[in-house]
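Undergrad:
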Amino acid sequence: MVGNAGRFAYACDALLGLPLSDTPPAMVRRADGSLLLGSASGLRATTAEGCPRPLAGELANVPVYALAGTGSTIFAFAGDGVYRSTDAGESWQLRSPFASGAMISALIHADGKLYASRGTSVLVSSDDGASFEVSSAERALTLLAVDTRLWAAVRSATAVGNRGTEIWRAATAAGPWRSVLALNYFGGLTIDAEGTVWVGDEGGGLFRSLDGETFTNVAPELYPSCLQADGARIYSCNEDLPSQPALFDTSAPVVKLADVEQLVACEGVTTICAAAWVEWQRDVLLRPILPNGTFADAAVPDAGVADAGVSDASSIVDAEVDASVQPRTREDGCHLGSRDGAPWALALALLATRRRKLGRA
61 MVGNAGRFAY ACDALLGLPL SDTPPAMVRR ADGSLLLGSA SGLRATTAEG CPRPLAGELA
121 NVPVYALAGT GSTIFAFAGD GVYRSTDAGE SWQLRSPFAS GAMISALIHA DGKLYASRGT
181 SVLVSSDDGA SFEVSSAERA LTLLAVDTRL WAAVRSATAV GNRGTEIWRA ATAAGPWRSV
241 LALNYFGGLT IDAEGTVWVG DEGGGLFRSL DGETFTNVAP ELYPSCLQAD GARIYSCNED
301 LPSQPALFDT SAPVVKLADV EQLVACEGVT TICAAAWVEW QRDVLLRPIL PNGTFADAAV
361 PDAGVADAGV SDASSIVDAE VDASVQPRTR EDGCHLGSRD GAPWALALAL LATRRRKLGR
421 A
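In the working numbering, the protein residues as written are 61 to 421.
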């Protein structure tokens, strides 16, 4: 979801031409509110309104696994090394080549340094990625954030299936690293303007720490799948049914997918995306579109929206809906605007198939 000028929009994998994945792509929000997104099929971009924008350049068709940066300076880890852009991602220069298979799991740009994680190694560059100092940790980790400390996610030694993640912390890249919080499923980490650390558990819970040592579950009813601080505000993507909020401001509901009632057209785009849940598709998509672009009150029979008189229709491609649900037709458009206004605060993305909190290993 992309928040902008008092509303939120939803974008999905199919719209952006990304392969279906359970993992949200690496992303960076640019100064104008647009997004850069890295994927195995190359670098992608949206406008501030959530519509796809074509990209040319060195990484347009190169797998991009990690992104970091602010303003006009952005870093990327692509298939063969670390790249830097000084024009907000429009062009790129290779800074450090990496051997084939030397995958970086995360990039973070903080305090003028570039941090990266690769297996059990933590890499730090003071020259914009031209060279790195390498330190070793005792376990494989993925960097999550850097403030006065380094934060990382580590698979628990007692993990079963995909259940079992720990949050580790270190004062420096050289360590020592230690576990400070155990989770069922990692649901995001963010640090607010006051230095408070927030961690989400997709299995249930929003944890807060004022000192980075002790954590309190302040919202056990939430099931966060992503977190983002905006000053003192914390936004959380919640993984639940469409009748319940999908986005929270700390613990107050902001947006429900069931409230989505308008498709917003993007010039030159013929693919549109439904929201993720079967119930939303049944209750909302089967309602005809009125001339003003909003949905009619009554649903139409299951024969399909095209039968309700929708003209110039194109197939819905929904990267998140169950495969058993047949695609419907709908007028051209690319993202979903919410009728519930919300302050502009951040760019959140729900761009991949989300795991359900029930029935996981």
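Heads up, the beta-carbon is just placed ideally off N, CA and C, and yes, glycines get one too. Source: prediction; values computed, not measured.
#1: Grouping DSSP H, G and I as helix and E and B as strand, with all else coil, what is D73?
#2: Taking the CB atoms as reference points, tell me whether G141 and F158 lie closer together than 8 Å.
#3: Which same chain residues, not among the five before or five after L287, have their C-beta less than 6 Å away from its C-beta?
#4: Under 8 Å by Cβ, that's how I've got V124 and S151 pegged, so tell me the actual separation to the nearest angstrom.
#5: On the three-state DSSP scale, how would you describe Y125?
#6: With distances taken Cα to Cα, identify the nearest neighbour of G77 among L243, R113, E109, R155.
#7: For the pair the region 126-138 and the region 105-112, tell me if three or more CB-CB distances fall below 8 Å.
#8: Taking 7 Å as the limit between beta carbons, can you name the residues of its chain near A197, skipping five residues before and five after?
#9: Could you spell out the range, first to last residue, of the beta strand (DSSP E) harbouring G224?
#10: Just list the residues that DSSP pairs P112 with in beta bridges.
#11: Here's a check: name, in chain order, each residue in its chain whose Cβ is nearer than 7 Å to the Cβ of A190, leaving out the five neighbours to either side.
#12: What is the rounded straight-line gap between the Cα of D187 and the Cα of L95?
#13: Between P313, L75, K173, which lies nearest to E193 when the distance is taken from Cα to Cα?
#14: Which residues does DSSP list as the beta-bridge partners of L298?
#15: Can you look up P157 in the DSSP assignment and give me helix, strand or coil?
#16: Could you tell me whether the Cβ atoms of S239 and T256 are closer together than 8 Å?
#17: Of all the beta strand (DSSP E) runs that stay within the bounds of the region 129-211, which reach a length of 3 or more residues?
#18: Which residues bound the beta strand (DSSP E) around R89?
#19: Can you tell me whether DSSP reads P79 as helix, strand or coil?
#20: Assuming I168 and A200 make a contact with CB atoms under 8 Å, what is their CB distance in whole Å?
#21: Using the rule of at least 16 other Cβ atoms within 10 Å of the residue's Cβ for burial, across every protein chain shown, is P79 buried or exposed?
#22: Considering only residues of the same chain and omitting the five flanking positions on each side of S177, which have a CB-CB separation below 8 Å?
#23: Can you grab the Cα-Cα spacing for the pair A86 / G129, in whole Å?
#24: Check P423 in the structure and name its three-state DSSP category.
#25: DSSP three-state label for D252, please.
TA: In this structure, then:
#1: Translated into positions along the sequence shown, residue 73 becomes position 13. DSSP, reduced to helix, strand and coil, places D73 within a helical segment of the structure shown.
#2: Against the sequence shown, residue 141 aligns to sequence position 81. Against the sequence shown, residue 158 aligns to sequence position 98. Result yes, Cβ atoms of G141 and F158 sit closer than 8 Å.
#3: The residue you call residue 287 lines up with position 227 of the sequence shown. Shown here for L287: same chain residues with a beta carbon closer than 6 Å to its own, the five before and five after excluded, namely G248, T250, W258, G260, S296 in chain order.
#4: Here residue 124 is taken as the residue at index 64 of the sequence shown, counted from 1. Here residue 151 is taken as the residue at index 91 of the sequence shown, counted from 1. Wrong, their Cβ atoms sit about 14 Å apart, outside the cutoff.
#5: Position 65 of the sequence shown, counting from 1, holds the residue named residue 125. Here DSSP, grouped into helix, strand and coil, assigns Y125 to strand.
#6: Along the sequence shown, one-based indexing puts residue 77 at 17. Of the listed residues, the one whose Cα sits closest to G77 is R113.
#7: With fewer than three CB-CB distances shorter than 8 Å, the region 126-138 does not count as touching the region 105-112.
#8: Counted from its first residue, the sequence shown places residue 197 at position 137. The answer, listed in chain order, is T180, V182, G235, W237.
#9: Residue numbering aside, residue 224 sits at position 164 when the sequence shown is read from its first letter. Per DSSP, G224 belongs to the beta strand (DSSP E) from 223-230.
#10: For the purposes of this step, residue 112 is taken as the residue at position 52 of the sequence shown. Partner residues in the beta bridge of P112, as assigned by DSSP, are T106.
#11: By one-based count along the sequence shown, residue 190 stands at place 130. Cβ neighbours of A190 beyond the five flanking positions: R155, S156.
#12: As a working mapping, residue 187 is identified with position 127 in the sequence shown. As a working mapping, residue 95 is identified with position 35 in the sequence shown. If I take the Cα positions, the gap works out to 25 Å.
#13: As a working note, residue 193 is residue 133 in the sequence shown. Here the closest residue by C-alpha is K173.
#14: Numbered from its first residue, the sequence shown carries residue 298 at position 238. Before going on, a small fix: residue 298 reads as Asn here, not Leu. Partner(s): P284.
#15: In the sequence shown, residue 157 corresponds to position 97, counting from 1. Three-state DSSP puts P157 in a strand.
#16: As a first step, residue 239 is located in the sequence shown; it is residue number 179 there, counting from the start. As a first step, residue 256 is located in the sequence shown; it is residue number 196 there, counting from the start. Using a Cβ distance threshold of 8 Å, S239 and T256 do not count as a contacting pair.
#17: Scanning the region 129-211 from its first residue to its last, the whole beta strand (DSSP E) runs of 3-plus residues come out as 133-138, 141-145, 153-157, 166-170, 173-178, 181-185, 193-196, 202-206.
#18: In the sequence shown, residue 89 corresponds to position 29, counting from 1. In the DSSP assignment, R89 falls within the beta strand (DSSP E) that extends over 86-89.
#19: Position 19 of the sequence shown, counting from 1, holds the residue named residue 79. P79 carries a coil assignment under DSSP once its states are collapsed to helix, strand and coil.
#20: Here the question's residue 168 lines up with position 108 in the sequence shown. Here the question's residue 200 lines up with position 140 in the sequence shown. About 17 Å separates the beta carbon of I168 from that of A200, a gap too long to meet the 8 Å contact definition.
#21: Numbered from its first residue, the sequence shown carries residue 79 at position 19. P79 comes out exposed.
#22: Sequence index remark: in the sequence shown, residue 177 carries index 117 (1-based). Listed in chain order, the non-local C-beta contacts of S177 below 8 Å within the same chain comprise I164, S165, A166, L183, L201, T202, L203, A212, local neighbours out to five positions each way being set aside.
#23: Counting from 1 along the sequence shown, the entry for residue 86 is found at position 26. Counting from 1 along the sequence shown, the entry for residue 129 is found at position 69. Their backbone Cα atoms lie some 12 Å apart in a straight line.
#24: Outside the shown range of the chain (61 to 421) lies residue 423, about which nothing can therefore be said.
#25: Reading the sequence shown from its first residue, position 192 is the one you call residue 252. Coil, per DSSP.
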